[in-house]
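Right, one structure below, let's go through it.
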Amino acid sequence: MELTPIKIPEIPLPFDIPALMHPPVDHFVIALPVVVLLLEIINLFAKKRAIGVISFFLIILTVVAAVAAYLTGSADGKAAWDLLSEAGQAELKDHKILGTYLMLASAVVLLFKLLSAMINRALMKGLFLFVLIFFVAGILKQGKEGGELVYTHGANVKIVKIKDDKLFDCQDDLSDYVAEEKEAEEAAAKAAEEAKKTETTETTEEAVKAPEAEKAAEVEKAPETEKAESVTEAVEEKAAEATAPAAEEATEAAEASQPDVEVVPAPAEAQPEVATH
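Structure follows, in structure tokens:
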């Protein structure tokens with residue numbers, strides 16, 4: 002059953018509560034109610050007034066010890082809170098709630114003890130024993146949960162705190178290492194991207210410069226080609242001019258060297274004789 006938290010106003014104390022005082026105080030809170038219960042059971046048969054008086058003073062000590070356990074538990078709980086896991090913090094909350102109820106229940110036990118002493122009846126004594134047994138059961142349960150906080154979750158254990166500090170340092174170093182690795186990866190990716198951009202720019206510039214270079218080469222070759230063609234034409238013209246008179250003289254010489262040939266007309270072919278008879 003989940004208990005409803007009870008808010009108790011904090012009372013300022015004129016002194017500071019020493020650390021780790023909760024465990025020794027708890028021993029008294031556990032032991033005293035058990036002793037009171039045993040005395041009350043014995044007194045059911047012995048019916049000694051002295052036993053009742055001793056039981057009464059022990060219950061008063063139980064109330065004082067319960068208040069002290071609440072105060073020391075609050076101080077130690079604050080110190081242990083940050084070092085506990087989520088499960089440990091949940092256990093600590095439940096432990097504090099039950100401790101608050103038990104502190105108030107100790108006052109109820111004292112009240113029923115007074116009533117049983119003033120009203121000397123069996124019903125009242127039986128009711129007091131029932132309340133006392135219920136209180137002792139709660140105290141034993143609270144002690145078990147407190148032990149689990151220490152041995153299972155490491156509440157207020159020095160070696161656990163040292164190991165937690167070392168673990169925190171390791172986690173801090175790991176976080177720094179991961180951050181550095183991430184920065185290095187980002188820097189490498191940025192450098193690769195810049196190199197890729199530079200390579201793309203150079204390729205684009207080369208692609209743009211190639212046609213320009215070809216055009217420049219063509220422009221440089223064009224005057225030389227035109228000059229060569231003009232020189233060739235001039236040489237051909239001069240060669241033609243130089244060979245033209247020689248060709249004419251050769252033609253004239255060839256004509257002059259040929260002999261005059263008379264053209265003799267071909268004789269007429271003899272006509273065949275025609276028979277008249």
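The sequence shown runs 2 to 278 under my numbering. Using N, Cα and C, we set each Cβ at its ideal position, and we do this for glycine too.
Other residues of its chain near residue i: CB distance less than 7 angstroms, five sequence neighbours each side excluded
{"i": "Ala69", "result": "Val26"}
{"i": "Ala47", "result": "none"}
{"i": "Lys144", "result": "Here the sequence assigns Gly to residue 144, which means Lys is not the residue at that position. Contacts found: Asp27, Ile31."}
{"i": "Leu4", "result": "Ile98, Leu99, Tyr102"}
{"i": "Ala193", "result": "none"}
{"i": "Val132", "result": "Val109, Val110, Phe113"}
{"i": "Ala271", "result": "Note that Ala271 scores 46 on pLDDT, short of 50, meaning its location in the model is unreliable; the coordinates nonetheless yield the value given after this. Closer than 7 angstroms at Cβ, skipping near neighbours: no residue."}
{"i": "Pro29", "result": "Contrary to the premise, residue 29 reads as Phe rather than Pro in this sequence. Excluding positions up to five away in sequence, the list reads Ala66."}
Identity of the residue in the options nearest residue i by Cα
{"i": "Ala20", "options": "Leu72, Pro34, Lys8, Val54", "result": "Leu72"}
{"i": "Val36", "options": "Ala80, Ala106, Gly53", "result": "Gly53"}
{"i": "Leu39", "options": "Lys239, Cys171, Ile134, Gly127", "result": "Ile134"}
{"i": "Gly89", "options": "Gly155, Ile60, Leu130", "result": "Gly155"}
{"i": "Lys142", "options": "Lys97, Ala80, Ser86", "result": "Lys97"}
{"i": "Gly74", "options": "Ile18, Phe129, Val64", "result": "Ile18"}
{"i": "Leu128", "options": "Val109, Glu146, Gly144", "result": "Val109"}
{"i": "Pro34", "options": "Leu4, Phe136, Asp95", "result": "Phe136"}
{"i": "Lys79", "options": "Arg122, His23, Lys239, Ala208", "result": "His23"}
{"i": "Met119", "options": "Glu181, Leu175, Glu184, Arg50", "result": "Arg50"}
Assigned exposure category for residue i - 16 Cβ within 10 Å defines buried
{"i": "Glu186", "result": "exposed"}
{"i": "Thr199", "result": "exposed"}
{"i": "Thr204", "result": "exposed"}
{"i": "Thr233", "result": "exposed"}
{"i": "Leu1", "result": "No statement about residue 1 is possible, as the shown extent of the chain runs from 2 to 278 and does not include it."}
{"i": "Ala66", "result": "buried"}
{"i": "Ala81", "result": "buried"}
{"i": "Ser117", "result": "buried"}
{"i": "Ile160", "result": "Interpretation of Ile160 is limited by its pLDDT of 48, a score under 50 that renders its predicted location unreliable; the figure taken from the coordinates is listed afterwards. Under this definition Ile160 is an exposed residue."}
{"i": "Ile60", "result": "buried"}
{"i": "Asp77", "result": "buried"}
{"i": "Lys197", "result": "exposed"}
{"i": "Lys183", "result": "exposed"}
{"i": "Lys239", "result": "exposed"}
{"i": "Pro10", "result": "exposed"}
Simplified DSSP state of residue i, which is helix, strand or coil
{"i": "Asp177", "result": "helix"}
{"i": "Asn121", "result": "coil"}
{"i": "Glu234", "result": "helix"}
{"i": "Pro25", "result": "helix"}
{"i": "Ile12", "result": "coil"}
{"i": "Ala20", "result": "coil"}
{"i": "Glu3", "result": "coil"}
{"i": "Gly155", "result": "coil"}
Contacts around residue i, its chain only, beta-carbon distance under 8 angstroms, and the 5 residues preceding and following it disregarded
{"i": "Glu149", "result": "Glu92"}
{"i": "Leu105", "result": "Ile7"}
{"i": "Gly139", "result": "Leu99, Tyr102, Leu103, Ala106"}
{"i": "Ser56", "result": "Val37, Leu40, Glu41, Asn44, Lys114"}
{"i": "Glu146", "result": "Glu92, Asp95, His96, Leu99"}
{"i": "Ala190", "result": "none"}
{"i": "Glu215", "result": "none"}
Close Cβ partners of residue i (< 6 angstroms) along its chain, the five nearest in sequence each way excluded
{"i": "Pro13", "result": "none"}
{"i": "Thr63", "result": "Leu33, Pro34, Ser107"}
{"i": "Thr1", "result": "Residue 1 cannot be examined here, being either before or after the span of the chain that is shown, 2 to 278."}
Uninterrupted alpha helix (DSSP H) stretches inside the stretch 47 to 111 (no shorter than 4 residues): Correct list: 50 to 82.
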